[in-house]
Structure formats: structure tokens, C-alpha cells
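Residue numbers (the working numbering): -16 to 84.
For each residue, glycine too, the CB sits at the ideal point set by N, CA and C.
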């Protein structure tokens, strides 16, 4: 029987996030989705196609029947609004920080 060195055990931390980290991630994702839902529909669509479907500007332009330049403008405007709204609302969102021992 071989005993594991405690330093080795600590060095091999679990790849799984802790339960409070999972909850924080879920709450943050829901928070962001609620903010995205406040955007105009075309901006919501371009955000979804770019970040959820990982499409390029030209692919998005074909789907949305517009130009790649317009996709860039829509995306820029949407991200700017998201940053502003997130910044304004995130002050109330305080992430959980466990006490370190």
C-alpha cells in the first residue's frame, strides 16, 4: 500500500468546480441572458449567431440578409449596450466569496 503525499493531493485539485462556483456561474449566465433579452431583436439575433453558434460575420450576414459590415455595426452596438447595462445592474450582483482557511 502506498500513501499519497499531502502536497501531491493538494496539487491535483479536482477539475470540477465547487457547488458554490457552479451556482455562481448559473446565476451569472441567467443574469446576462436577462440583459441580452432587453436588446432589440436584431441585436439579440446577431449576439446569438456570433457567440452561441460561433459564426463568422459573412455567415451571419447571409442568415440575416444584410452585409458583413452591418453585422459588425449591430454587434458593436449590442456589445456596447450590454456593457453599459451590465455595469449599471451588476453593482447589485455580489458574487459569493467563501472564507479561506
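Where residue i falls, given that 16 or more other Cβ within 10 Å makes a residue buried
i          : result
residue 9  : exposed
residue 56 : exposed
Residue j beta carbon less than 8 Å from that of residue i
i          : j          : result
residue 61 : residue 26 : yes
residue 63 : residue 22 : no
residue 29 : residue 58 : yes
Boundaries of the alpha helix (DSSP H) in which residue i is found, first to last residue
i          : result
residue 2  : 2 to 19
residue 73 : First-last for residue 73: undefined, no H or E at that position.
residue 48 : Unbroken run through residue 48: none, as it is neither H nor E.
residue 27 : 24 to 30
CA nearest to the CA of residue i, picked from the options
i          : options      : result
residue 34 : 16, 49 and 6 : 16
Quick test of the definition: if touching needs 3 or more C-beta pairs under 8 Å, does the segment 59 to 73 touch the segment 38 to 45?
Short answer: they don't touch.
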